[in-house]
Amino acid sequence: MADNDAKQTIDNNVQDAELLEKNKQDDAKVYRLIWIALVVVVLLSVVSIGWFYQQLQQQEADIQSSLTELSSQNGDWQSKLEQHRQQLGRLDSDQKQLAEKLQQLTDKQQLSNAELQKRWALQEVKYLLNVANQRALLAHDVVGAIQALIMADKQLEALSDYRLHPLRAEIAEELMSLQSLTTLDIPGMAIQLQTLAAHVDKLRVKKGPEVDFSESPDTADIASTETPAWKQAISDIWQQLRSLVVIRHEQSGEAAVLVPEQRYFLYQNLRLQLESARLALLNADNNSFQHSLKTAISWLDKYFTGEERDAMLASLNSLAEQKIDVSIPDISGSLNWLEEYQQ
């Protein structure tokens, strides 16, 4: 009985040992499976991480490309925005100019009749002051400049505006400076010279006696009997050419007098001297004026004769007594004052 129990106990222990060994073997298998599973999981994780990293790199590249494209588009938009701003600036400037013009038109429409008349009168005064300056400085016409200043002063007097008193004072000073000059009728003298030049063709030129170049009877007979016909024709042509220009010295020793065929040049030269004197007169060139007059007087005395010549000599001698080198004062002060007032 005791042996059976011991045996039973041993059997039980053996079974327990086998079960334990079997369990250990099972546990080892389980551990191997777990490790294998862990390795597989780790490998899968590494692969997954690599794949995700690759995807992240691709996404980053895509994002960078998108950012570059967006930056380029942003630059284009900035350029377009700047263009729109410039266009808006120009439109704003144009709008301001239109507003200014509209305001000017409105102001003009609101001007009263009195103001319009005043502006028109001031424009007339400005025109007269311009005429005075041109007559004084360009034409050296002191009388005409004085008349223009007097007319401008009368226009200002009719306006009765105290603000224009300084302008009238300027005109008064300019009138005094012009009236203090020696008054010469420059336009009248110029007209006189022009009239004399127009009457040059009526003068009579001194001329010498006609020279007879015909051959003596004996010579003509000899030429007709001894000279061939062709030589006679050449001789006749030569005699005709010699007769075209004949110069003769007067007994008094004065300059040579041309035959009637060359009077044209005398008339033209005399007319040229008179025109030169007129231009020198208008330019206030006293030296040229006197030189042209003396030359014309000398030509009249040497080459012309008759009552017309004597009357022209008297007129030219009277003109030669005048001195035209008059210093014209500056009378632009009134014009400058009016221009500043109108601005």
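In this note's numbering, the protein residues as written are 21 to 363.
Cβ coordinates follow ideal geometry from the N, Cα and C atoms, glycine included.
None of these values were measured; they are calculated from a predicted model.
Cβ-Cβ distances below 8 Å link Ser-99 to nothing in the same chain once the five nearest sequence neighbours on each side are left out. Counting only runs of 4 or more residues that sit fully inside the region 82–120, no alpha helix (DSSP H) segment turns up. Distance from the CA of Asn-303 to the CA of Leu-158, rounded to the nearest whole angstrom, comes to 7 Å.
By the criterion of at least three beta-carbon pairs nearer than 8 Å, the region 182–197 is in contact with the region 163–170. The beta-carbon distance between Gln-362 and Leu-142, rounded to whole angstroms, is 7 Å. This is short enough to meet the 8 Å contact definition. With a beta-carbon spacing of about 15 Å, Ser-312 and Gln-288 fall beyond the 8 Å limit used to define contacts. With 16 or more other CB atoms across the displayed protein chains lying within 10 angstroms of its CB, Tyr-323 is buried. The Cβ-Cβ distance between Leu-290 and Ala-331 does not fall below 9 Å. DSSP places Asp-321 in the uninterrupted alpha helix (DSSP H) bounded by 306–323. Of the candidates Ile-54, Glu-89 and Ala-334, the residue whose Cα lies closest to the Cα of Lys-314 is Ala-334. Considering only Gly-353, Ser-85 and Glu-360, the residue with the shortest C-alpha distance to Ala-189 is Gly-353. Taking the Cα of Leu-223 as reference, the smallest distance to any Cα among Gly-70, Gly-326, Tyr-73 and Asp-82 is reached at Gly-326. When the beta-carbon positions are compared, Leu-204 and Ala-297 stay at least 9 Å from each other. In the DSSP assignment, the residues bridged to Val-225 are Phe-324. Between the C-alpha atoms of Leu-355 and Ala-165 there is a straight-line separation of about 13 Å. When DSSP states are grouped into helix, strand and coil, His-219 belongs to the coil group. The C-beta of Leu-64 has fewer than 16 other C-beta atoms within 10 Å across all chains shown, which makes the residue exposed. By alpha-carbon distance to Gly-208, the top candidate from Val-163, Glu-135, Trp-71 and Arg-329 is Val-163.
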